[in-house]
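Shown next, in structure tokens, is the structure this report addresses.
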Amino acid sequence: AADILEALDEERAADLLIGLEPDDAGEVLDEMRPEAAADILEEMEPGSAATLVAAMEPDQAADVLAALEPEDRTAVLAELDEQAAAEIGQLMVYEPDTAGGVMTTDVAALPMGVTTDEAINRLRQLHDDLGSNLSYVYVVDDDFILQGVVSFRDLVFSRPGRGLDQVMVPDPVAVTAATDREEVAELIQRYHLLAIPVVDDDWKLIGMVKFGEAIEAIQAEVGEDIAVMVGAGEEETISTPVMRSVSRRLPWIVFNLFAGFVTAQLIFRFEGTIETYAVLAAYMPIVSALGGNTGAQSQAIIIRSIATGDLPTGRAWRAIRRQLAIAVTQAALVAVIAALLAASTVAFFGQDTTVSPGEMAIIVVLSMMIALTVAGGVGSGIPILMRWIGLDPALASSIFMTMITDIVGFTGFLLIATLLLA
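The structure is reproduced here in structure tokens:
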């Protein structure tokens with residue numbers, strides 16, 4: 042149903058949702074992209090929109106309200122009852138890329154003194170309110186401080202009359218509301234959890250992050266990394282207003298423009314070589330392009346490894362050395378093929394050229410080796426450097442990498458040609 046509504050125009054989708062029971066409409070909105078759901082809610086009266094928002098999961102409702110225009114968000118919040126508005130408003134305080142931004146406050150939390158039989162009876166009563174959030178039972182004390190966790194398997198198969206404090210796993214893995222969502226996803230995967238509790242600084246239970254939310258967080262992070270790598274805004278979507286998209290992209294485009302002029306000035310230094318041996322101009326882009334491709338391969342592997350937690354800080358240099366080894370091996374193999382192709386091209390189609398097939402082969406081999414090796418090091422090193430200085434590893438990495446590989450590829454090729462042919 043969510044996919045169907047997203048395919049319709051917003052006004053038609055709004056009419057269909059209003060015609061459903063609020064609980065059913067809330068479930069549909071929970072499955073939609075927050076931006077798409079927000080576009081539909083903006084077509085409704087604030088009161089109608091608030092009714093549907095109240096029927097949604099609190100964490101999903103917070104995401105949708107955050108995607109609304111400020112005036113619409115204020116109007117909908119004003120129509121919610123005090124408890125719902127406070128709960129959703131609290132979730133909206135957290136940054137979207139933190140545990141607080143992806144958690145739900147609907148958790149099964151029971152005191153330590155409750156027996157397993159009593160716990161099962163209470164969970165039956167809470168089922169309608171918690172629904173799919175019944176992954177674990179979190180055991181708390183009188184101050185709601187997290188003491189332990191009980192799986193449903195242990196709860197069901199434990200001996201009758203035992204207290205939760207006797208069957209719980211004490212001191213469970215937990216995160217704070219400020220924990221980065223990538224770290225949350227990593228912990229859930231590492232410990233094979235269905236959910237992970239979220240606590241405040243005093244270890245008081247405030248929510249949990251479900252497995253599905255963690256997976257969505259990883260997918261969102263990957264999408265943001267791809268956008269950031271090429272200088273687009275990490276929050277940009279196909280629905281982002283034109284001028285907002287331009288304002289986010291333009292600085293990096295201008296930076297790339299200046300980088301291009303720097304490269305052009307370096308090439309101009311070899312004007313005499315290019316004028317005398319014009320055939321060189323035909324082969325320069327090949328070396329630069331292959332260098333850029335090699336760098337992009339190393340860069341993608343490193344960024345993905347950082348995002349998935351497979352590359353701790355202590356293994357950074359080992360990862361760079363490995364990518365350099367791969368780049369050198371590729372460079373050697375590709376350089377031989379490129380040299381043969383270049384020499385053959387000069388021999389068969391460049392009868393009037395002042396560069397012999399052998400000379401062209403040597404120039405291509407040496408410049409290709411240098412360009413691809415540097416590209417492998419730069420492509421793997423830039424994301425690691427970004428992380429080391431506290432920035433997003435994907436932050437415009439592709440732009441910096443392209444600038445460096447272009448400079449090295451073009452100048453290396455022309456410098457070798459100048460020295461060899463002088």
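The opening residue of the sequence shown carries number 42 in this note's numbering; numbering runs sequentially from there. Even for Gly, the Cβ is constructed at its ideal location relative to N, Cα and C.
Helix, strand or coil at residue i [DSSP, three-state]
i, result
"Leu456", "helix"
"Ala125", "helix"
"Leu187", "strand"
"Thr395", "coil"
"Asp221", "strand"
"Val214", "coil"
"Ser438", "helix"
"Ser199", "coil"
"Ala416", "helix"
"Glu488", "Residue 488 cannot be examined here, being either before or after the span of the chain that is shown, 42 to 463."
"Val432", "In the sequence as displayed, the identity of residue 432 is Leu instead of Val. Correct three-state label for Leu432: coil."
"Pro87", "helix"
"Pro63", "helix"
"Ala102", "helix"
"Ala258", "helix"
"Ala463", "coil"
"Asp447", "helix"
"Asp71", "helix"
Element boundaries [beta strand (DSSP E), containing residue i]
i, result
"Met249", "246-251"
"Ile237", "236-240"
"Val387", "Counting along the chain, Val387 falls outside any beta strand (DSSP E), though it belongs to the alpha helix (DSSP H) covering 357-390."
"Val181", "177-181"
Whether residue i touches residue j by CB criterion (8 angstroms)
i, j, result
"Ala348", "Thr220", "no"
"Thr145", "Lys245", "no"
"Thr446", "Ser339", "no"
"Ile237", "Ile247", "no"
"Ala376", "Met427", "no"
"Leu93", "Val155", "no"
"Ala360", "Ile343", "yes"
"Ala372", "Val405", "no"
"Met442", "Gly420", "yes"
"Leu187", "Val240", "yes"
"Leu307", "Ile315", "no"
"Ala388", "Ile327", "no"
"Val105", "Leu61", "no"
"Leu132", "Thr157", "no"
"Ala150", "Val181", "yes"
"Ile129", "Ala103", "yes"
"Ala258", "Val143", "yes"
"Met73", "Ala43", "yes"
"Phe454", "Thr304", "no"
"Ala77", "Val117", "no"
"Ala55", "Glu84", "yes"
"Ala337", "Ala368", "no"
"Ile423", "Ala357", "no"
"Ile440", "Trp293", "yes"
"Ala96", "Ala66", "yes"
"Gly332", "Ala412", "yes"
"Ile448", "Leu407", "no"
Any non-hydrogen atom of the ligand SAH closer than 7 angstroms to residue i Cβ
i, result
"Phe296", "For the structure depicted, the ligand SAH is absent and the ligand set is empty, with no information on it obtainable."
Unbroken alpha helix (DSSP H) run spanning residue i, endpoints
i, result
"Met209", "Per DSSP, Met209 belongs to no alpha helix (DSSP H) and is neither H nor E."
"Met97", "Segment: none, Met97 is in no alpha helix (DSSP H) and carries neither H nor E."
"Glu76", "75-82"
"Asp44", "43-48"
"Asp56", "51-59"
Bridge partners - residue i, DSSP secondary structure assignment
i, result
"Ser421", "Partner(s): none; Ser421 has no beta bridge."
"Ser192", "Tyr177"
Proximity test, Cβ basis, 8 angstroms: residue i and chain D
i, result
"Met209", "Among the protein chains of the structure shown there is no chain D, as only one such chain exists."
Whole runs of the alpha helix (DSSP H) within the region 118-168, excluding any shorter than 4 residues: List check, alpha helix (DSSP H) in window: 123-134, 140-143.
Start-end ranges of the alpha helix (DSSP H) lying completely within the region 291-362, minimum 4 residues: Segments of the alpha helix (DSSP H) lying fully in the region 291-362: 312-317, 325-349.
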